[in-house]
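**Student:**
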Amino acid sequence: DGCSPDCQRELGFACLGGSLSEPSKCLPLCGDGLEALGEECDDGNRISNDGCAYECKVEPMYYCTRGALPSINFSSRVGPNVSACMRSCGNGFAEAPEECDDDVVGDPLGILNSLPVQATQVL
3 DGCSPDCQRE
13 LGFACLGGSL
23 SEPSKCLPLC
33 GDGLEALGEE
43 CDDGNRISND
53 GCAYECKVEP
63 MYYCTRGALP
73 SINFSSRVGP
83 NVSACMRSCG
93 NGFAEAPEEC
103 DDDVVGDPLG
113 ILNSLPVQAT
123 QVL
């Protein structure tokens, strides 16, 4: 929940408030590279259209690997510790809004560009 059993702020969270009458409220820090509870991804930035949206949700047509969960031994927010997001088209699974997915990305063999162009007759 962002607040440890010994009342310390956990990595990947920001805590606000707290008084004699109200507890602190801790929320995940989206964009810090630490994938915390409630975040679907955290790629270390708050930029959309890269697979992980500014609110740390996986964007349509992407899938993201899980980043490292916050821990006491966490020392770096780069490299394998952040979520990595890739386009899902070409992964062999027809996921919304895809209508099909044949496990091929683009035209890797160059077949489409090597076929002769055929004229079509419109009636």
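For the sequence shown, the numbering used here gives the first residue as 3, with consecutive numbering after it.
C-beta: ideal position from N, C-alpha, C; glycine also.
As the structure is a computational prediction, the values presented were derived from the model and not from experiment.
Could you check if S77 is buried or exposed, using at least 16 other CB atoms within 10 Å of its CB as the buried criterion?
**Tutor:** Here residue 77 corresponds to residue number 75 of the sequence shown, with the count starting at 1. For S77, the pLDDT reaches just 42, beneath the cut-off of 50, and the residue's location in the model is therefore unreliable, leaving the point undetermined.
**Student:** Comparing alpha-carbon positions, which option in G94, M63, D103, E97 lies nearest M88?
**Tutor:** In the sequence shown, counting from the first residue as 1, residue 88 sits at position 86. M88 has its Cα closest to that of M63, out of G94, M63, D103, E97.
**Student:** Give the secondary structure of A16 by DSSP, where H, G and I count as helix, E and B as strand, and everything else as coil.
**Tutor:** Here residue 16 corresponds to residue number 14 of the sequence shown, with the count starting at 1. Strand, per DSSP.
**Student:** Output needed for E97: all residues of its chain with C-beta closer than 6 Å, excluding positions within five of it in sequence on either side, in chain order.
**Tutor:** For the purposes of this step, residue 97 is taken as residue 95 along the sequence shown, with counting starting at 1. Same-chain partners within the cutoff: S90.
**Student:** How big is the Cα-Cα spacing for E24 and L18?
**Tutor:** Start at 1 with the first residue of the sequence shown, and residue 24 comes out as number 22. Start at 1 with the first residue of the sequence shown, and residue 18 comes out as number 16. Using only the alpha carbons, I get a separation of about 11 Å.
**Student:** Could you tell me which of E100, V84, C66 sits nearest to G33, measuring between CA atoms?
**Tutor:** Looking up residue 33 in the sequence shown gives position 31. Among E100, V84, C66, the Cα nearest to that of G33 is on V84.
**Student:** Taking the C-alpha atoms as reference points, what is the distance between P118 and V60?
**Tutor:** As a position in the sequence shown, residue 118 is number 116, starting the count at 1. As a position in the sequence shown, residue 60 is number 58, starting the count at 1. At P118 the pLDDT is 49, less than 50, meaning the model places this residue with poor confidence; the figure from the coordinates comes in the next sentence. Using only the alpha carbons, I get a separation of about 40 Å.
**Student:** What is the DSSP secondary structure of P62, counted as helix, strand or coil?
**Tutor:** As a working note, residue 62 is residue 60 in the sequence shown. The answer is coil: DSSP assigns P62 none of H, G, I, E or B.
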